[in-house]
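A.B. asks: Take this structure, written in structure tokens, and hold onto it; I'll ask about it next.
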Amino acid sequence: MEKNKLDRRQIILSSTSHGVTDLYSSFIIGLIPILVAKFGLSLFLVALLTSINGISNSLTQPFFGYFSDKYGLKYFLTAGPLFASIFLSMLGIAPNYLFILIILFFGNLSVSAFHPPSAAIADHFGGKRKGFGVSIIALGGIIGYSFGSIFIILVVENFGLKFTPITMIPGIIMSIILLKYVPSTLATVNNTRKIHFISKLRNVKKSKFILFSFIFFTSYSRDLVWLLLLTFMPLYFTYASISLTNVGYILLIFGLAGGIGGLFAGYYSDKIKNKTYIMQAALLVSIPLIYFIFKTSGFLSIILFIASGFFLISTLPICTRIAQTIFPGNIGFASSIVMGLSVGTASITMIFLGKLADSIGIISTISYALILPIISIFLLIFYPLLEKKFYNNFKP
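With this note's numbering, the residue at position 51 of the sequence shown is 37, and numbering never jumps.
Below is the structure:
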């Protein structure tokens, strides 16, 4: 395979495995209305579920990103879907709320281990179209995450909660496929990356951290709003007398719309020099769409929700790709910050917003959270200016 040519097989394999792995991480979203009815959960306890899910899934990604950069990608890729499927398929048979939290924590550690090396595949096999490669891999994850909710809902409604362990089968099969087809070169230690990362950080120009902080805050603001929508919209729609199965389909279409948006954004990001413009435009459109979800009702409210997903989620692959260009020597670690640490930080914030939602309600909580992406839009105005100023210290 030519160095500058996109390796379709490896990109598609990474995208597919990303989808299967993320399928399990969204099980809890589909189960929220069922668990609320079964255990009588408050909005705070509901938010704690997605918080633990996100903290374990994402806050630990920088550690896995560092170790995958240092020791090789293959085994982290293989272990991800295997252990995620084994743990998270057990949610339906958890006897109480505490066991659910434990299952979520350990199951999502496996998802966390998978994400950084998966994103790094685009850099290894994306050729000259790395931005497009990242968007294809991200699309797989978003599709899987979108199907997870309706998948577990259909299993529960047709077979019952005690049959959720059967859902581990796709993850086990995917792990076997990865073990066989991921190149053995990705299982070897890279001697050029044995230098302790903390030591390397000390030698990094401050200009890179300034630029990176802009991208991180944009990722954080997007992830927080995204997490709020996924946590509370299932309850919002069920309170509006929409059946649980239909809520699952709405979440599915919401996620798919975001995946398609990310694909378009990734494709055009390879053609546009200032990629931050795409992120600004996407956030600028998504904010009013989300706000007016609660000013309308019925089918129009659902359409606005889905449309907001298209624009909001589309910023994910661009943030990832820009992060990789800032730290090209540690692409797994850089990816883990904007794909993981931002979600983990948003998940911690969710603990407090869950308590706030108990006091002021779902609608007001989400509306106040929209202030953050507005701030991101203004911050990104300065990104191209600072990038140009720091050009001697930073290669875009």
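Cβ coordinates follow ideal geometry from the N, Cα and C atoms, glycine included.
Note that the structure is predicted; figures quoted are calculated from it, not measured.
(1) Let's see if you can read the secondary structure: which residues bound the alpha helix (DSSP H) around D384?
(2) If distances are taken between C-alpha atoms only, which option among I360, L342, T306, I72 comes closest to G248?
(3) Give the DSSP-derived three-state secondary structure of L249 in the structure shown.
(4) Taking C-beta to C-beta, are S75 and P151 nearer than 8 Å?
(5) In this structure, does DSSP put T306 in helix, strand or coil?
(6) Report the residue from N82, F50, T36, I304 whose alpha carbon sits nearest the alpha carbon of F25.
(7) Rank L95, I349, M265 by C-alpha distance to the C-alpha of F250 and give the top, closest one.
(8) Looking at the unbroken alpha helix (DSSP H) that takes in K374, where does it start and where does it end?
(9) Determine whether the beta carbon atoms of L35 and I72 lie at a separation below 8 Å.
(10) Could you please give the first and the last residue of the uninterrupted alpha helix (DSSP H) stretch that includes M160?
(11) According to DSSP, simplified to helix, strand and coil, what is D344?
(12) Would you call the stretch 225 to 241 and the stretch 358 to 367 in contact, with 3 or more CB pairs under 8 Å?
(13) Can you tell me whether DSSP reads N144 as helix, strand or coil?
(14) Can you tell me whether DSSP reads G26 as helix, strand or coil?
(15) Assuming L213 contacts A332 (C-beta within less than 8 Å), just tell me the rounded distance between them.
(16) At the level of alpha carbons, what is the spacing between S287 and F278?
(17) Using 8 Å as the cut-off, can you tell me whether the stretch 195 to 205 makes contact with the stretch 334 to 342, which would need three or more C-beta pairs spanning the two stretches below that distance?
(18) Output the distance between the C-alpha atoms of D(-7) and S0, rounded to the nearest integer angstrom.
(19) Taking its Cβ as the centre, do 16 or more other Cβ atoms sit within 10 Å of G146, making it buried, or is it exposed?
(20) Spatial neighbours of I128 within its chain, please: CB distance less than 7 Å, with the 5 preceding and 5 following residues excluded, ordered by chain position.
(21) Should Y206 be labelled buried (16 or more other beta-carbon atoms within 10 Å of its own) or exposed?
(22) Taking the alpha helix (DSSP H) that M265 belongs to, which residues open and close that run?
(23) Might you give, ordered along the chain, the residues of its own chain that have their beta carbon closer than 8 Å to the beta carbon of A355, omitting 5 neighbours on each side?
(24) Counting along the chain, where does the alpha helix (DSSP H) carrying K60 start and finish?
(25) State buried or exposed for Y225, treating a residue as buried only when at least 16 other CB atoms are found within 10 Å of its CB.
(26) Could you check which residue in S294, M160, P303, F280 has the C-alpha nearest to that of D256?
(27) Smallest Cα separation from T22: which of P103, P220, L59, F92?
(28) Go ahead and pull the three-state DSSP assignment for D405.
(29) Apart from the five residues on each side of it in sequence, which residues of its chain come closer than 7 Å, Cβ to Cβ, to F133?
(30) What are the start and end residues of the alpha helix (DSSP H) that includes L327?
(31) What number of angstroms, rounded off, separates the C-alpha of D344 from the C-alpha of V32?
(32) Using only the alpha-carbon positions, how far apart do K381 and G16 sit?
(33) Determine the DSSP secondary structure at T217, reduced to helix, strand or coil.
(34) Mark F69 as exposed unless 16 or more other C-beta atoms lie within 10 angstroms of its C-beta, in which case mark it buried.
(35) Let's see if you can read the secondary structure: which residues bound the alpha helix (DSSP H) around F296?
(36) Taking just the CA atoms, how far does S161 sit from F50?
C.D. replies: According to the data block:
(1) Since the first residue of the chain shown is -13 and the last is 382, residue 384 is not available in this structure.
(2) T306
(3) The answer is helix: DSSP assigns L249 an H, G or I state.
(4) yes
(5) The DSSP-derived three-state label of T306 is helix.
(6) N82
(7) M265 is the residue among L95, I349, M265 whose C-alpha sits nearest the C-alpha of F250.
(8) 369 to 375
(9) no
(10) 155 to 167
(11) In the structure shown, D344 sits in a helix (DSSP, three-state: H, G or I).
(12) no
(13) helix
(14) Coil.
(15) 5 Å
(16) Looking at the backbone, the Cα of S287 and that of F278 are separated by about 8 Å.
(17) no
(18) The C-alpha of D(-7) lies about 11 Å from the C-alpha of S0.
(19) exposed
(20) G241, G244, G245, G248, I299
(21) Sixteen is the threshold: when 16 or more other Cβ atoms of the shown chains lie within 10 Å of the Cβ of Y206, as they do, the residue is buried.
(22) Per DSSP, M265 belongs to the alpha helix (DSSP H) from 262 to 279.
(23) L210, V211, L214, L339
(24) First-last of the alpha helix (DSSP H) with K60: 60 to 74.
(25) exposed
(26) The shortest C-alpha separation from D256 is found at P303.
(27) In the sequence as displayed, the identity of residue 22 is Val instead of Thr. Ranking the options by Cα distance to V22, first place goes to P220.
(28) Past the edges of the chain, shown from -13 to 382, lies residue 405, and the structure says nothing about it.
(29) Residues L9, L238 of the same chain have their beta carbon placed closer than 7 Å to that of F133, with the five preceding and five following residues left out of the count.
(30) Careful: L327 lies outside any alpha helix (DSSP H) and carries neither H nor E.
(31) One alpha carbon belongs to D344, the other to V32, and they sit about 10 Å apart.
(32) At K381 the pLDDT is 47, less than 50, meaning the model places this residue with poor confidence; the figure from the coordinates comes in the next sentence. Approximately 43 Å between the Cα atoms of the pair.
(33) Of the three classes helix, strand and coil, the one that applies to T217 here is helix, per DSSP.
(34) buried
(35) 284 to 299
(36) Taking the straight line from one Cα to the other gives about 18 Å.
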